[in-house]
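*Asks:*
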């Protein structure tokens, strides 16, 4: 039985497709479709709903008292765009979303070749503000703004400081080889916070704004299903994935 | 050449309070050393940072569905200095060591997208490090409006840092690689703003050129003298700024000159012509480079100096003209800043007293925690007629090298060390060294 890894839907624009001839890619895609489509109906899935906290209304206040030409970041009034709010030392996405991921007992092998993901610096924000990748992924942080940005993380996993980068300049991609939460910041803009959640599995998905999720095409077996809500809240529950059918799991 | 000290009766101005202690004895030094160690120990204890992390976002509130947003933040600084006597720059103490606690509380508020207000309150021992008792001050506050959605033009009213030069945006303890200001912002000239100079001999005496042997007056008079720019120069007034492509333009009208001391930053001038006009034109060829040209012109004497003027002159005949150039560069782990100023103090009856000052500063970050900065400072004084048929420089030429490692323990705490080597021509001590340690907690 063949299975398809669940790609992170919300961040799929940030994953690069491997380069190759279009003809071969099309042919390969056709073969994959022919092989997989007849079996989709037999694949197992997990779906459910995560109870999310209420939306925070306020965006951070600019603190540019000594830069008279500064103005609010563009996102300050945008209630729908995902941002990271840090409150009482807890970093969480706002509007709230959660990340659901499935860990297999004994783990799963890392990709032979590290995939490349992308967290942009745009409009004085990290975009996407929350990026979920499998452990062993290279992540790059291009600067798409008009001014300088910097990227650093003080995470205990592997702290790094990429320094300051000009517009349209991309610092070297960083291999995130430890599972956990990596908090990215910009030394120039205090309000900029980005989270990279590195999970030890290829089976993960970000919920929608209602908290709904679906992890499709899972191989049968015994797993731990986890939901990440914020830097201090991760819930887990053991699940058994059957050969086919859908398992329903709701998280409080 | 020697001039007798011509010290007029001290004007009606509150002098800086000195500790009155004799130079530090051994026991005192031990206590100061203990304080230094306490600073280091405290910083180590704060590595846990749990409490500080728990403060994140707590000091923010909003109303009207987020249209009104207010956030408080701040820094707690603990500084310790080991310094020579007379004390250098804007450090006011007659002791060889000084410990300064400073709490700065910032309030930032946004009202919609077009109005922004800020205020800063400090509790410390004087705006500049000194041996004064601890007191509370409101240092700067302003209302800024950005009339258009596209930005590019702002108007600001209140009491705020000068737009002249490029140091003010990074003068806070968290972002400044050093503990003390660059030389143009703190080296005291022989000019007083409380009393008009009447003659070259008087100016030489006030500048202590040459120094009086074993005279205590140099330290005592420090609070009367002014630098080219007094730190961030939080004068009261209004400013406009605009951006057109790669060109930034900002202009301000302030109640005081750049050299005026903090005691008059709140005073409102009775006439427009008693105010100071300044501005800066900046050019950014790309995001990494920034070039600027600044100018400022206005009377430097305070109102209470009226009765000391040369007969037939007015207060606005005593003007300070400042021209400045600044360059900054930032790329990857490097940041470089440089500023050069020429300041002309107009003195009726004496002429123009010019001084040139500048610095070159570079900082390198070795990672998310450790950085190292060095700064080369230089100040010259032009010659003026000495009244005896010759010319002489009206101040002491100075160079200073500052070295400063800094270590960030986390998102909220930072430790900086600064060691300065200074050479001052014809000073009581030609070569001096100053060491400073600062721990900053940001919340």
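Protein chains in written order, with my numbering: chain A, 1 to 252; chain B, 253 to 695. Note that beta-carbon positions come from the ideal geometry of N, C-alpha and C, so glycine has one too. Predicted model only: the values in this text are computed from it and were never measured.
Starting from residue 627/B and walking both ways along the beta strand (DSSP E), at which residues does that stretch end?
*Replies:* Residues 622-633.
*Asks:* Restricting to Cα atoms, I'd like to know which of 134/A, 212/A, 221/A is closest to residue 177/A.
*Replies:* The shortest Cα separation from residue 177/A among 134/A, 212/A, 221/A belongs to 134/A.
*Asks:* Assign residue 328/B to one of three DSSP states: helix, strand, or coil.
*Replies:* Here residue 328/B sits in strand by DSSP.
*Asks:* Quick check on residue 34/A: buried or exposed, where buried means 16 or more other Cβ atoms within 10 Å of its Cβ?
*Replies:* Since pLDDT at residue 34/A reaches only 43, below the 50 mark, its modelled position is unreliable, and the value read off the structure follows with that caveat. When all chains shown are included, residue 34/A counts as exposed.
*Asks:* Is residue 590/B close to chain A? Criterion is C-beta to C-beta, closer than 8 Å.
*Replies:* No, residue 590/B does not count as interfacial toward chain A.
*Asks:* I want to know whether the stretch 620-633 of chain B touches the stretch 655-664 of chain B - three or more CB-CB distances under 8 Å.
*Replies:* Segments in contact, yes.
*Asks:* Beta carbon of residue 534/B, beta carbon of residue 507/B: below 8 Å?
*Replies:* No, the Cβ-Cβ distance between residue 534/B and residue 507/B is not below 8 Å.
*Asks:* Does DSSP put residue 651/B in a helix, a strand or coil?
*Replies:* Strand.
*Asks:* Which residues in chain A have a C-beta closer than 8 Å to the C-beta of residue 500/B? List them in chain order.
*Replies:* By Cβ distance, chain A contributes 69.
*Asks:* Alpha helix (DSSP H) containing residue 618/B: first to last residue?
*Replies:* Element bounds for residue 618/B: n/a, residue is neither H nor E.
*Asks:* Using three-state DSSP, classify residue 637/B as helix, strand or coil.
*Replies:* Correct three-state label for residue 637/B: strand.
*Asks:* Using only alpha-carbon positions, find the residue among 86/A, 69/A, 193/A, 52/A that is nearest to residue 120/A.
*Replies:* The shortest C-alpha separation from residue 120/A is found at 193/A.
*Asks:* So who's on the other strand from residue 483/B, going by DSSP bridges?
*Replies:* According to DSSP, which records beta bridges pairwise, residue 483/B is partnered with nothing at all.
*Asks:* Which whole runs of the beta strand (DSSP E) in the stretch 139-164 of chain A are 3 residues long or more, in chain order?
*Replies:* Those beta strand (DSSP E) runs which fall completely within the stretch 139-164 of chain A and span 3+ residues are 149-153.
*Asks:* Evaluate residue 315/B with the Cβ neighbour count: other Cβ atoms within 10 Å of its Cβ, from every protein chain shown; 16 or more gives buried, anything less gives exposed.
*Replies:* Result: exposed.
*Asks:* In this structure, how does DSSP classify residue 437/B when only helix, strand and coil are distinguished?
*Replies:* Three-state result, residue 437/B: helix.
*Asks:* Judging by CA-CA distance, which residue of 125/A, 165/A, 132/A, 187/A is the nearest neighbour of residue 152/A?
*Replies:* Among 125/A, 165/A, 132/A, 187/A, the Cα nearest to that of residue 152/A is on 187/A.
*Asks:* Could you please give the first and the last residue of the uninterrupted beta strand (DSSP E) stretch that includes residue 694/B?
*Replies:* 683-694 is the extent of the beta strand (DSSP E) around residue 694/B.
*Asks:* For the stretch 102-133 of chain A, which residues have a beta carbon sitting closer than 9 Å to at least one beta carbon of chain B?
*Replies:* Listed by position along the chain: nothing, the set is empty.
*Asks:* Determine which residues of the stretch 320-331 of chain B have a Cβ less than 8 Å from any Cβ of chain A, and write them out in chain order.
*Replies:* Residues passing the 8 Å Cβ filter: 321, 322, 323, 325.
*Asks:* Under 8 Å by Cβ, that's how I've got residue 102/A and residue 215/A pegged, so tell me the actual separation to the nearest angstrom.
*Replies:* Confirmed, about 6 Å.
*Asks:* What residue from 649/B, 496/B, 377/B, 330/B has the CA that sits closest to residue 345/B's CA?
*Replies:* The residue with the shortest Cα to Cα distance from residue 345/B is 377/B.
*Asks:* Would you call the CB atoms of residue 123/A and residue 145/A closer than 8 Å?
*Replies:* Closer than 8 Å, so yes.
*Asks:* Going by DSSP in three states, residue 319/B sits in which element: helix, strand or coil?
*Replies:* Here residue 319/B sits in coil by DSSP.
*Asks:* By the criterion of Cβ-Cβ separation under 7 Å, what are the contact partners of residue 368/B in chain A?
*Replies:* Result: 62.
*Asks:* For the candidate residues 252/A, 184/A, 211/A, 143/A, whose alpha-carbon lies nearest to that of residue 198/A?
*Replies:* Nearest of 252/A, 184/A, 211/A, 143/A to residue 198/A, Cα basis: 184/A.
*Asks:* Give a yes or no on whether the C-beta atoms belonging to residue 347/B and residue 374/B are separated by under 8 Å.
*Replies:* Their beta carbons are not under 8 Å apart, which means residue 347/B does not touch residue 374/B by this criterion.
*Asks:* In angstroms with no decimal places, state the Cα-to-Cα distance between residue 118/A and residue 408/B.
*Replies:* Answer to the nearest angstrom: the Cα atoms are 39 Å apart.
*Asks:* For residue 209/A, would you say it is in contact with chain B, using Cβ-to-Cβ distances shorter than 8 Å as the test?
*Replies:* Output row for residue 209/A: interface = no.
*Asks:* Go through its chain and collect everything with a Cβ distance to residue 233/A's Cβ below 7 Å, but skip five positions before and after it.
*Replies:* Once the five neighbours on either side are set aside, residue 233/A has no close Cβ partner at all.
*Asks:* Taking CB distances under 8 Å as the criterion, tell me whether residue 583/B reaches chain A.
*Replies:* Yes, because at least one Cβ of chain A sits closer than 8 Å to the Cβ of residue 583/B.
*Asks:* At the level of alpha carbons, what is the spacing between residue 576/B and residue 417/B?
*Replies:* Going by the C-alpha atoms only, they are around 7 Å apart.
*Asks:* Out of 391/B, 415/B, 406/B, which has the shortest C-alpha to C-alpha gap to residue 398/B?
*Replies:* Out of 391/B, 415/B, 406/B, 406/B has the C-alpha closest to the C-alpha of residue 398/B.
*Asks:* Is residue 161/A close to chain B, meaning its C-beta is less than 8 Å from at least one C-beta of that chain?
*Replies:* Interface residue, yes.
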